[in-house]
Amino acid sequence: MKITDRKTEIINVAAKLFKEKGYSAVTMRDIAQAMDIKAASLYNHIKSKQEILVLIIIEIAEEFTKIMNEVLISNESAISKIERIIQLHIDITLRNPDALACLNNDWMHLTNAELLHFIKMREEYENNFKTIVKQGIANGEIKNYNLDVIIFSILSTLRTLYIWYNKTNKLSSKALTDNMIKVLLNGIA
108 MKITDRKTEI
118 INVAAKLFKE
128 KGYSAVTMRD
138 IAQAMDIKAA
148 SLYNHIKSKQ
158 EILVLIIIEI
168 AEEFTKIMNE
178 VLISNESAIS
188 KIERIIQLHI
198 DITLRNPDAL
208 ACLNNDWMHL
218 TNAELLHFIK
228 MREEYENNFK
238 TIVKQGIANG
248 EIKNYNLDVI
258 IFSILSTLRT
268 LYIWYNKTNK
278 LSSKALTDNM
288 IKVLLNGIA
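With our numbering, letter number 141 in the sequence shown gets 248, and the count goes up by one each step, no holes.
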């Protein structure tokens, strides 16, 4: 499906509203008002609020999945793979924090096939990340700490980066990446 500039604008405005108020609290009228157009005009570009949600969440989830699959099959070390995954999360956070917030907070409002598709992508992503960490432990690149703690610590930090970065965003992309890699991979002591 080709996304027009106007449709992209609608999606971006909706993502911002979803982040601020939550998906359930936002109406098509709210989106139209934020764009300073009539609600009926939205329907020339978008069928429903659910369509907007699908476009936001599935697009980002598919980007995460595509890059993760590329990283997983690469011949890089486990550490290099994790560094690429950290960079991926930072890139998406800086490029589209509102959509990332929507992905993290509103995915459960997807319906039917889209919900199942998202859950499958999320589970595959986490399993692939776990595989990379296991390889790193087996190869002696990563300390043999509890696997679940490692996975939770890194992914929960990366998934919620948009919350913290929006409040402080004083770091450049490079400084943020360098510091996140050092802290997440080397610890602080």
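In this text, a Cβ means the ideal position worked out from N, Cα and C, and glycines have one as well.
If you're wondering where the values come from, they're calculated on a predicted model, not measured in any experiment.
{"Asked": "Three-way DSSP call (helix, strand, coil) for Thr267 in this model", "Found": "coil"}
{"Asked": "Coarse secondary structure for Glu248, derived from DSSP in three states", "Found": "coil"}
{"Asked": "Limits of the alpha helix (DSSP H) - the one that Ala139 falls within", "Found": "Met135 to Met142"}
{"Asked": "In chain order, each alpha helix (DSSP H) run of at least 4 residues that lies wholly inside the segment 134 to 199", "Found": "135 to 142, 146 to 149 and 156 to 180"}
{"Asked": "Coarse secondary structure for Leu254, derived from DSSP in three states", "Found": "helix"}
{"Asked": "Buried/exposed call for Gly247, threshold 16 Cβ in 10 Å", "Found": "exposed"}
{"Asked": "Segment contact, 8 Å Cβ cut-off, at least three pairs: the segment 176 to 195 with the segment 125 to 142", "Found": "no"}
{"Asked": "Residue environment, Thr200, which counts as buried when at least 16 other CB atoms sit within 10 Å", "Found": "buried"}
{"Asked": "Where the alpha helix (DSSP H) containing Asn212 begins and where it ends", "Found": "Pro204 to Asp213"}
{"Asked": "Nearest-angstrom Cα separation, counted from Asn182 out to Leu223", "Found": "31 Å"}
{"Asked": "Spatial distance of Val290 from Ser280 (CA atoms)", "Found": "15 Å"}
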